[in-house]
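> One structure follows; several queries about it will come next.
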């Protein structure tokens, strides 16, 4: 009967009898403190992550607004460049027309003897 009772006892029964109860209380309290510390640390990390997420979202919104503004400015600048190119083309066309008219008038005046062109010298002097 004593043998059966010995077999039924767990190996921890011996440890439980040798270790004072205050040790278990200290270990349990230490584990509770660690758990509480980890909980607080997790909450701080969640708060920090939420704060950073909000800051990131705000910065991203600012970047999108800046990008939209820059795109608008670029669109306006491209419009100005396109209009300027059109004006340059129109002015170049007018210059070409005036040059042709000037040349034609000079030739006509030369034929009528009203205008005498200077002949270019071959020695390079004016």
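Numbering (the working numbering), first residue to last: 1264 to 1389. Note that CB positions come from ideal geometry on N, CA and C, so glycine has one too. Values in this document were obtained by computation on a predicted structure and should not be read as measured data.
How many angstroms separate the CA atom of residue 1378 from the CA atom of residue 1368?
Locating residue 1378 in the chain shown gives position 115, counting from the first residue. Locating residue 1368 in the chain shown gives position 105, counting from the first residue. For residue 1378 and residue 1368, the distance between alpha carbons rounds to 10 Å.
> Please work out which residues of its chain come closer than 7 Å, Cβ to Cβ, to residue 1373, disregarding the five sequence neighbours upstream and downstream, and give them in chain order.
On the chain shown, position 110 is the one that residue 1373 refers to. Contacts found: 1380.
> Helix, strand or coil: which one does DSSP assign to residue 1375?
Locating residue 1375 in the chain shown gives position 112, counting from the first residue. Correct three-state label for residue 1375: coil.
> On the three-state DSSP scale, how would you describe residue 1380?
Within the chain shown, numbered from 1, the residue matching residue 1380 stands at position 117. Three-state DSSP puts residue 1380 in coil, outside helix and strand.
> Between residue 1333 and residue 1320, what straight-line distance do the alpha-carbon atoms span, to the nearest angstrom?
Locating residue 1333 in the chain shown gives position 70, where the first residue counts as 1. Locating residue 1320 in the chain shown gives position 57, where the first residue counts as 1. Rounded to the nearest angstrom, the two C-alpha atoms are 20 Å apart.
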